[in-house]
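Novice:
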Amino acid sequence: MNTEIVTQSAPRARIKLSLVFDHGILILGAAFLILPVLMLLQMSTMPDLFNMKNGPSFAIGDQLDENFRKAMFEADGFSGENTGVQMLWNSLILGLGFAAGKIVLGMMAAYAIVYFRMRFATFAFWIIFTTLLLPLEVRILPSYEIVQQLGMLNTYQGLIIPLIASATATFFFRQYFRSIPEELVEAARIDGAGPFKFFIDILVPLSRTMIAAMFIIMFVYGWNQYLWPTMITTDEDMFTLVRGIKQIRQSLEGTSLPEYGRANMLALIAILPPVLIVIFFQSWFVKGLTESDK
Amino acid sequence: MKRAAFTNRWLPILLLVPQISIIGIFFYWPAIHALRSSFYLQDPFGFSETFVGFANYASLFNSASYGRAAIFTVSFTLLVTILSLGIALLLAVKADKVVRGAKTYRTLLMWVYAVAPPVAGVMGLILFNQSWGPISDLFKSLGWDFALGVNYYDTAFAMVLISVWKQIPVNFIFFLSGLQSIPKSVREAAMIDNRSAAGRFWDVTFPLLAPTGFFLLITNITYSLFDTFGIIDTVVKGEPGNNPMTLVYKVYVDGFRGNDLGGSSAQSVVLMVLVLAMTVFQFRLVERRIHYT
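So the protein sequences, as listed, match chains A and B.
Per full-length UniProt numbering, the very first residue in the first sequence carries number 1; after that it's consecutive.
Per full-length UniProt numbering, the very first residue in the second sequence carries number 1; after that it's consecutive.
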């Protein structure tokens with residue numbers, strides 16, 4: 001009688017224990033990822049003098065709205081033009097412009113490559129896809145010189161267009177278009193649809209989710225750019241939030257009281273929009289990442 | 001190209017012109033420019049230049065600081081790749097297993113993807129602050145006097161930890177969707193054949209994850225080489241000095257700070273060749289060894 005009870009309850013207890021263990025690991029992992037950001041938030045509620053002496057703590061202060069006001073509306077640099085609002089605006093233009101440019105150019109080129117008979121198709125393909133191999137970081141210095149020669153320093157065009165010069169989006173759209181059944185274009189042609197009509201009325205609506213997924217990934221990528229904006233923007237009213245981090249870091253090293261509260265608040269503002277987009281559109285985002293990248 | 005393609009003559013060219021012209025001006029022109037200036041020696045003000053052949057490359061390969069950066073880059077890449085793949089795989093296996101809260105865990109573990117690398121660097125600066133950083137406090141209590149930006153290895157440690165933190169979410173997302181795409185029938189068959197969970201993982205799940213894993217291996221190497229720029233720049237505070245740095249960061253430091261245009265271009269070309277070789281290797285290996293389902 002006794003042994004039976006033991007044998008019945010033992011496996012159940014083991015399962016429960018392993019479940020606790022699994023959740024424990026997941027909670028530990030989540031904490032590892034989340035705690036640094038909570039630390040930024042905590043520090044931006046405290047007075048700067050306290051932060052400077054003690055660093056992060058468990059105390060919650062009352063400086064949150066004051067630091068938010070400073071971060072958004074008070075400029076840090078010489079010209080007084082790099083307020084949080086201005087940098088947020090520039091980041092938005094960079095993120096949206098980059099994502100839109102990449103998707104429009106990518107779709108056009110992929111459409112030409114997949115749906116047209118051309119003499120130089122293979123050549124065009126290789127010209128475009130070699131760009132997948134070399135990121136901007138590798139040819140950073142000559143790229144800067146060329147943008148300078150073209151008089152595009154401190155402009156939105158200079159910020160966005162050189163970043164677009166890579167074929168990631170074209171590659172994804174090419175993969176996607178190739179997976180669309182051929183009968184579709186045959187049927188469209190029999191119905192008398194020309195290449196324009198087919199593109200606008202059939203292909204674009206069909207690619208809706210793919211476009212959305214690409215847009216999220218590209219927006220986050222553009223928003224988070226650091227090296228390129230750091231190099232080509234010297235006017236403070238052209239700084240993006242992520243570019244502004246450089247300034248944040250420098251202001252923490254000044255001889256006067258380092259403004260940890262304000263600096264951390266700016267860092268939080270810089271991560272908020274892309275993080276929210278990734279969280280709210282996570283199914284599209286994951287779809288775009290996993291279905292297109294391979 | 002599709003069988004039932006359109007045969008319009010000018011339209012495809014018109015469609016390709018924007019993309020190709022942008023690539024031409026902002027990709028091929030600078031790439032060729034880098035190749036060219038790697039064979040020249042420029043005076044610091046850019047007024048004159050002399051053809052020096054392979055001299056820039058020769059001095060590169062004889063330079064101790066370049067060798068140091070190369071060694072650091074290799075060890076940094078290995079550490080970041082192994083750690084972030086390992087931790088992400090563990091988390092993905094667990095997240096795939098739990099039924100309750102699976103979606104919550106996915107959300108909690110993926111959002112760091114969207115954090116910009118320099119912001120991650122700023123968090124690192126606070127966590128490792130010498131007088132009150134929580135992590136350096138912890139190390140101090142263990143007898144390790146952590147000195148970010150002063151001690152070479154301590155700085156390298158911080159860079160690796162921050163880079164791993166930033167990379168776990170991407171790997172997690174890919175591993176989790178790889179796991180979730182394993183058909184239920186395969187899992188059930190494995191359950192019957194192999195009673196131990198560890199055995200099932202190594203015999204069935206792990207081989208099925210191989211394509212994802214290989215893809216991620218390349219992604220992680222690329223990440224360690226290029227996307228950690230913002231982290232490194234923030235952590236070394238723009239003062240390279242004696243601090244560890246990757247080859248990509250050195251291109252920037254030598255070209256912009258040191259004004260050594262020829263040397264920096266030669267470094268760019270070396271990196272281009274490395275990345276090209278890696279890609280060729282990747283394609284050959286993918287085609288031969290790994291079968292996508």
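Quick reminder that beta carbons are idealized off the backbone N, C-alpha and C, glycines included.
Note that the coordinates shown come from a computational prediction; the quantities given were computed from them, not determined experimentally.
In chain B, which residues lie less than 7 Å from residue 67(A) when you measure between Cβ atoms?
Specialist: As a working mapping, residue 67(A) is identified with position 67 in the first sequence. Result: empty, since nearest Cβ-Cβ is about 15 Å, beyond 7 Å.
Novice: What are the residues in the region 133-157 of chain A lying within 9 Å of chain B by C-beta distance?
Specialist: 133, 134, 135, 136, 137, 138, 139, 140, 141, 142, 143, 144, 145, 146, 147, 150
Novice: By DSSP, does residue 7(B) sit in helix, in strand, or in coil?
Specialist: Within the second sequence, the letter at position 7 stands for residue 7(B). Residue 7(B): coil per DSSP, three-state reduction.
Novice: Looking only at DSSP bridge pairs, what is residue 40(B) linked to?
Specialist: For this step, residue 40(B) is matched to residue 40 along the second sequence. Within the DSSP bridge table, the entry for residue 40(B) names 51(B) as partners.
Novice: Please report the straight-line C-alpha distance between residue 7(B) and residue 207(A), rounded to a whole angstrom.
Specialist: In the second sequence, counting from the first residue as 1, residue 7(B) sits at position 7. In the first sequence, counting from the first residue as 1, residue 207(A) sits at position 207. Spanning the two alpha carbons is a distance of roughly 23 Å.
Novice: Looking at the structure shown, is residue 116(A) part of a helix, part of a strand, or coil, going by DSSP?
Specialist: Here the question's residue 116(A) lines up with position 116 in the first sequence. Residue 116(A) falls in the strand class under three-state DSSP.
Novice: Near residue 81(B), what residues of its chain come up, given a Cβ to Cβ distance below 8 Å and the 5 sequence neighbours on each side ignored?
Specialist: As a working mapping, residue 81(B) is identified with position 81 in the second sequence. The residues are 217, 220, 221, 224.
Novice: Nearest-angstrom Cα distance between residue 250(B) and residue 188(B)?
Specialist: Within the second sequence, numbered from 1, the residue matching residue 250(B) stands at position 250. Within the second sequence, numbered from 1, the residue matching residue 188(B) stands at position 188. Each residue's alpha carbon lies about 52 Å from the other.
Novice: Exposed or buried, residue 153(B), counting other C-beta atoms within 10 Å across all chains shown (16 or more means buried)?
Specialist: In the second sequence, the residue the question calls residue 153(B) occupies position 153. The residue is exposed, with fewer than 16 neighbouring Cβ atoms inside 10 Å.
Novice: At least one CB of chain B closer than 9 Å to the CB of residue 294(A): is that the case?
Specialist: Taking the first sequence and counting its residues from 1, the one referred to as residue 294(A) is at position 294. With a pLDDT of only 42 at residue 294(A), under 50, the local geometry of the prediction cannot be trusted, and the value read off the model is given with reservation. Yes, residue 294(A) lies at the interface with chain B (some Cβ there is under 9 Å from its Cβ).
Novice: Would you report the Cα separation of residue 233(A) and residue 188(A), rounded to the nearest angstrom?
Specialist: Along the first sequence, read from residue 1 onward, the residue named residue 233(A) stands at position 233. Along the first sequence, read from residue 1 onward, the residue named residue 188(A) stands at position 188. The alpha-carbon atoms of residue 233(A) and residue 188(A) are separated by roughly 48 Å.
Novice: Consider the Cβ of residue 282(A): report whether some Cβ of chain B lies at a distance smaller than 9 Å.
Specialist: Numbered from 1 along the first sequence, position 282 holds the residue referred to as residue 282(A). Answer yes: the Cβ-Cβ gap between residue 282(A) and chain B drops below 9 Å somewhere.
Novice: Could you work out which residues of chain E lie near residue 29(B), taking near to mean beta carbons separated by less than 8 Å?
Specialist: Within the model displayed, chain E is absent; protein chains A and B are what it includes.
Novice: Which residues of the region 260-276 of chain A have a Cβ closer than 9 Å to any Cβ of chain B? Give them in chain order.
Specialist: 260, 263, 264, 267, 268, 270, 271, 273, 274, 275, 276
Novice: Nearest to residue 119(A) by CA position, among 11(B), 184(B), 240(B), is which residue?
Specialist: Counting from one through the first sequence, the residue named residue 119(A) turns up at place 119. Closest by alpha carbon: 11(B).
Novice: Along chain A, in chain order, which residues have C-beta atoms closer than 7 Å to that of residue 8(B)?
Specialist: In the second sequence, residue 8(B) corresponds to position 8, counting from 1. By Cβ distance, chain A contributes 116, 195.
Novice: Assign residue 285(A) to one of three DSSP states: helix, strand, or coil.
Specialist: Taking the first sequence and counting its residues from 1, the one referred to as residue 285(A) is at position 285. It is helical.
Novice: So residue 150(A) packs on residue 240(A), CB below 8 Å; how close in whole Å?
Specialist: Walking along the first sequence from the start, residue 150(A) turns up at place 150. Walking along the first sequence from the start, residue 240(A) turns up at place 240. The pair is not a contact, with the Cβ atoms about 20 Å apart (cut-off 8 Å).
Novice: Any idea if residue 65(A) is buried or exposed, counting beta-carbon neighbours within 10 angstroms, 16 or more meaning buried?
Specialist: Taking the first residue of the first sequence as position 1, residue 65(A) is located at position 65. Burial call: exposed.
Novice: Helix, strand or coil for residue 226(A)? Go by DSSP, reduced to three states.
Specialist: Your numbering for residue 226(A) matches position 226 in the first sequence. Coil.
Novice: Quick one: residues in its chain with C-beta nearer than 7 Å to the C-beta of residue 135(B), no 5 flanking neighbours on either side, listed in chain order?
Specialist: Taking the second sequence and counting its residues from 1, the one referred to as residue 135(B) is at position 135. Contacts found: 127, 128.
Novice: Is it true that the region 257-274 of chain A meets the region 31-45 of chain A, where meeting means three or more beta-carbon pairs spaced less than 8 Å apart?
Specialist: yes
Novice: Does the beta-carbon distance from residue 149(B) to residue 237(B) come in below 9 Å?
Specialist: Taking the second sequence and counting its residues from 1, one reaches residue 149(B) at position 149. Taking the second sequence and counting its residues from 1, one reaches residue 237(B) at position 237. Yes, the pair counts as a contact, with Cβ atoms nearer than the cut-off.
Novice: Could you round the C-beta distance between residue 132(A) and residue 167(A) to whole angstroms and report it? I think they count as a contact, below 8 Å.
Specialist: In the first sequence, residue 132(A) corresponds to position 132, counting from 1. In the first sequence, residue 167(A) corresponds to position 167, counting from 1. With 8 Å as the limit, residue 132(A) and residue 167(A) qualify as a contact, their Cβ atoms being about 6 Å apart.
Novice: Just the C-alpha distance for residue 97(A) and residue 115(B), rounded to the nearest angstrom, thanks.
Specialist: To locate residue 97(A), count along the first sequence from 1; it is residue 97. To locate residue 115(B), count along the second sequence from 1; it is residue 115. Rounded to the nearest angstrom, the two C-alpha atoms are 19 Å apart.
Novice: For residue 259(A), which residues from the same chain have a beta carbon less than 7 Å from its beta carbon, with the 5 sequence-adjacent residues on both sides left out?
Specialist: Sequence index remark: in the first sequence, residue 259(A) carries index 259 (1-based). 48, 251.
Novice: Please list, in chain order, all residues of the same chain as residue 52(A) whose beta carbon is under 8 Å from its beta carbon, the five residues on each side excluded.
Specialist: Within the first sequence, residue 52(A) is the residue found at index 52, counting from 1. The answer, listed in chain order, is 257, 258, 260.
Novice: Tell me whether residue 128(B) sits in a helix, a strand or coil according to DSSP, three-state version.
Specialist: Your numbering for residue 128(B) matches position 128 in the second sequence. Residue state, collapsed to three classes: coil.
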